[in-house]
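> Following this message is one structure expressed as structure tokens.
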Amino acid sequence: MAPEVISREGRVVEAFVSLAGSLAAGDDVMDLLTMLTTTCADLLDVKAAGLLLADRRGVLHVMAASSDDAADLEAFQVQRAEGPCQDCYRGGVPVSVPDLADTDARWPQFVPAARRAGFVSVHALPMRLRTDVLGAMGLFGSVTGDLNPDDLRLGQALADVASLAIVQDRASTDRDGVTRQLQSALDSRVVLEQAKGMLAFSADLEVGESFTVLRQFARDHNLRLSDAAAAVVSRTLPVTQVLSHANERGTRGR
Amino acid sequence: MQQLERIRAELSDAVSGAPSARAAADRLCEVCVELLEIDGASISLIHKGATQGTFGSSGERSRRLDELQFTFGEGPCLDSVAQDAPVFAANLDASDMTRWPALTGAMLQHGINAVFALPVSVARRPIGALDLFRDRPGPLTDDDLTCGLWAAELAALPLLDLMASVASRESEVTEGAGWDQLASLERVEVYQATGMIMAALDVDPAEALVRLRAYAFSHSLSASEVAWAVVQRRLLPDESDWRRLPGRQSGTRP
């Protein structure tokens, strides 16, 4: 297939088709959320995207991000308990910051950190499920200005589909079921971070690189990312096997 | 709702104000009995590689019943760890109560008619259980279950410290409220560093977190500070003594 310049409309359709396909196939929530952030970063007029989900105590956790910078910035908001994504989750409504320079006072710690990472605008969208707010997605821009209304609507639609995906596993309708599935998604995230740490240490990789290595391994072996991570952590999948696969594929070093 | 918040705070205080890990475990059990509709509570550690057994209880009867589970090799606390899920037996005298043939008789003899075991997790792995005993049969109320689950979350702190004292005798009295201590262990960098320590020392996730926390205590650092140093290769986990290295400033330290 010859590479072509695909129209934006075509890419939007493609994004929903792959999200829907992933839903129908019962794919890994971790994979799906990572795909959501990269899709948003590609399709929308932003540089990066990151996603936070709340655990049963209402504490936010970084679930996925399109880049390390975005992941760091989401983690920063969680740790300092301030920032547009934090406010978006608490309020359950979008928070738009067209120019971070105007908001130093509102988030005295977040704004300098975001600007150091090269971001000058942020748009946070709630992850909603009926009346519940599950978390927030942050869209980080490298240019100032409002996101155009189409982009905002598209971002929210993608976030809504992802919210459904998180709870679709066992068609749970009750609050407890939703809480359990969120918890299981969060557990997967923890195990993924542990696996990344193991790979990073064993091969002297950056943590971000070890994610690429593990994801490649999972894809090439038709495994869910979270299953591959769990296998690494439980040592049923030797770290050496993942690393030698990466060397063969030339995944290392990105 | 205010009532629940008060209980949440009291449980948190129970594990943070005690002079030792064992005292914290006892205190947490006592507070459970004071605040919930139960007559006894105990906390046991069931982690391979650690000294297994009963480490906290609200009193002599609960301690003995908890210990009997280890003697007989069966019981709700062992099951809840094996299944990583709560195990409820609301009526031990029921005719279909055949799960624990030896233990059930002993519990009934001690006047216990209902038992509820809640797993205690470290690094998302079950390492022990909180057992709640009650004289009369019947299920836990929703509020009591919520509070029981909180207590089981907090029980991770004394169990972590007990594992540390078994491993290195470095356990110190911990500072800070229980919830804050738990939150400090739930950060992305802590998960990643846990994975790196797992690879470096060939230990499982719970043991890795124990080592990280023990190092933090003995050097008057926060778990997060130690985790960053490990992730950035400024600190190399080692069997005998961790080595400080110049490291590399990868990633942005929030």
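Respectively, the protein sequence lines represent chains A and B. Heads up, the first sequence is in the numbering used here, so the first residue is 78 and it goes up one at a time. Heads up, the second sequence is in the numbering used here, so the first residue is -4 and it goes up one at a time. Beta carbons are placed, not taken as given, at the ideal position from N, Cα and C, and that holds for glycine.
Out of curiosity, what's the CA-to-CA distance linking Arg3(B) and Gly173(B)?
So the alpha carbons of these two residues sit roughly 10 angstroms apart.
> CA-CA distance, Ser198(A) and Asp176(A)?
Rounded to the nearest angstrom, the two C-alpha atoms are 5 angstroms apart.
> Does DSSP put Pro260(B) in a helix, in a strand, or in coil?
A query on residue 260(B) cannot be resolved here, the shown segment of chain B reaching from -4 to 249 and no further.
> Can Leu113(B) and Gly143(B) be called in contact, C-beta distance under 8 angstroms?
Result yes, Cβ atoms of Leu113(B) and Gly143(B) sit closer than 8 angstroms.
> What are the residues of the segment 279 to 298 of chain A that lie near chain B, defined by any Cβ-Cβ distance shorter than 7 angstroms?
Against chain B - using a Cβ distance shorter than 7 angstroms - the residues of the segment 279 to 298 of chain A are Ser279, Glu283, Val284.
> If you draw a straight line from the alpha carbon of Thr221(A) to that of Ser213(B), how long is it in whole angstroms?
Cα to Cα, the separation comes out at about 47 angstroms.
> Is Val221(B) buried or exposed, if buried means 16 or more other CB atoms sit within 10 Å of its CB?
The residue in question, Val221(B), is buried, as its Cβ has 16 or more Cβ neighbours within 10 Å.
> Counting only C-beta atoms, is Val226(B) closer than 8 angstroms to chain A at any point?
For Val226(B), the answer is yes, since a Cβ of chain A falls inside 8 angstroms of its Cβ.
> Where Gln156(A) and Glu181(B) are concerned, what is the direct C-alpha to C-alpha distance, given to the nearest angstrom?
Each residue's alpha carbon lies about 10 angstroms from the other.
> In chain B, which residues lie with their C-beta within 8 angstroms of the C-beta of Lys273(A)?
Within chain B, the residues near Lys273(A) are Gln187, Gly190.
> Nearest to Asp164(A) by alpha carbon, out of Ser84(A), Cys117(A), Ala213(A)?
The option with the nearest alpha carbon to Asp164(A) is Ala213(A).
> Run through the segment 101 to 137 of chain B for me and flag every whole alpha helix (DSSP H) of 4 or more residues, listed as ranges in chain order.
List check, alpha helix (DSSP H) in window: nothing returned.
> Less than 8 angstroms separating the beta-carbons of Pro132(B) and Asp79(B)?
Cβ distance not < 8 angstroms, so Pro132(B) and Asp79(B) don't count as in contact.
> Taking the alpha-carbon of Cys24(B) as reference, which of Glu62(B), Ala147(B), Arg228(B) has the nearest alpha-carbon?
Residue Ala147(B) is the option with its Cα nearest to Cys24(B).
> Any chance you could list the beta strand (DSSP E) runs of at least 3 consecutive residues sitting entirely within the segment 8 to 95 of chain B, in chain order?
As far as the segment 8 to 95 of chain B is concerned, its whole beta strand (DSSP E) runs of at least 3 residues are 35 to 40, 48 to 52, 82 to 84.
> Output the residue ranges of the alpha helix (DSSP H) runs that lie fully inside the segment 269 to 320 of chain A and measure 4 residues or longer, sorted by chain position.
Within the segment 269 to 320 of chain A, the complete alpha helix (DSSP H) runs of at least 4 residues are 284 to 297, 302 to 310.
> Got a sec? Which residues, its chain only, sit under 7 angstroms from Ala305(A) by beta carbon, not counting five neighbours each side?
Once the five neighbours on either side are set aside, the close Cβ partners of Ala305(A) are Leu291, Phe294, Ala295, Leu314.
> Give the interface partners of Arg119(B) over in chain A, defined as CB-CB distance under 7 angstroms, in chain order.
Here the neighbours are Asp264, Val267, Val268.
> Starting from the beta carbon of Val316(A), find every residue of chain B whose beta carbon is closer than 7 angstroms, and list them in chain order.
Those within 7 angstroms of Val316(A) in chain B are Ala194.
> Could you check if Asn108(B) is buried or exposed, using at least 16 other CB atoms within 10 Å of its CB as the buried criterion?
Burial call: buried.
> Mind checking whether Leu128(A) and Thr114(A) have CB atoms under 8 angstroms apart?
A contact, by the Cβ cut-off of 8 angstroms.
> What residues in its chain sit with their C-beta under 8 angstroms from that of Gln47(B), if we drop five residues either side in the sequence?
Excluding sequence neighbours, Gln47(B) sits near Ser39, Leu40, Ile41, Phe65.
> Apart from the five residues just before and just after Arg192(A), which ones in its own chain have a Cβ nearer than 7 angstroms to its Cβ?
So the list reads Leu177, once near-sequence residues are dropped.
> In angstroms, rounded to a whole number, what distance separates the CA positions of Glu167(B) and Leu207(B)?
Low per-residue confidence applies at Glu167(B): pLDDT is 49, beneath 50, and the placement is therefore not dependable enough to give any value.
> How many angstroms separate the CA atom of Pro153(B) from the CA atom of Asn225(A)?
So the alpha carbons of these two residues sit roughly 52 angstroms apart.
> Hey, quick one: how far does the alpha helix (DSSP H) through Arg85(A) stretch, first residue to last?
Here the alpha helix (DSSP H) through Arg85(A) covers 85 to 101.
> Using DSSP's beta-bridge definition, name the partner residues of Asp209(A).
Answer is Leu206(A).
> Check whether the Cβ atoms of Ala195(B) and Pro241(B) sit closer than 8 angstroms, and answer yes or no.
Cβ atoms of Ala195(B) and Pro241(B): not closer than 8 angstroms.
> Whose CA, out of Gln271(A), Asp179(A), Ser99(A), Ser261(A), lies closest to the CA of Met112(A)?
It is Ser99(A) whose Cα lies nearest to the Cα of Met112(A).
> Shortest alpha-carbon distance to Glu283(A) belongs to which of Ile192(B), Gln187(B), Val82(B), Ala209(B)?
If we check each option's Cα against that of Glu283(A), Gln187(B) comes out closest.
> Which residues of chain E have a Cβ atom closer than 8 angstroms to the Cβ of Ala178(B), listed in chain order?
Absent here is chain E; the protein component of the structure consists of chains A and B.
> Check the Cβ of Ala305(A) against every Cβ in chain B and list those closer than 7 angstroms, keeping chain order.
Result: empty, since nearest Cβ-Cβ is about 14 angstroms, beyond 7 angstroms.
> Determine, using beta carbons only, whether Gln156(A) comes closer than 8 angstroms to chain B.
It does: the Cβ of Gln156(A) has a partner Cβ on chain B nearer than 8 angstroms.
> Considering only residues of the same chain and omitting the five flanking positions on each side of Lys173(A), which have a CB-CB separation below 6 angstroms?
The question names Lys, yet the displayed sequence has Ser at residue 173(A). Excluding positions up to five away in sequence, the list reads His200.
> Buried or exposed: Thr99(B), going by 16 or more other Cβ atoms within 10 Å of its Cβ?
Result: buried.
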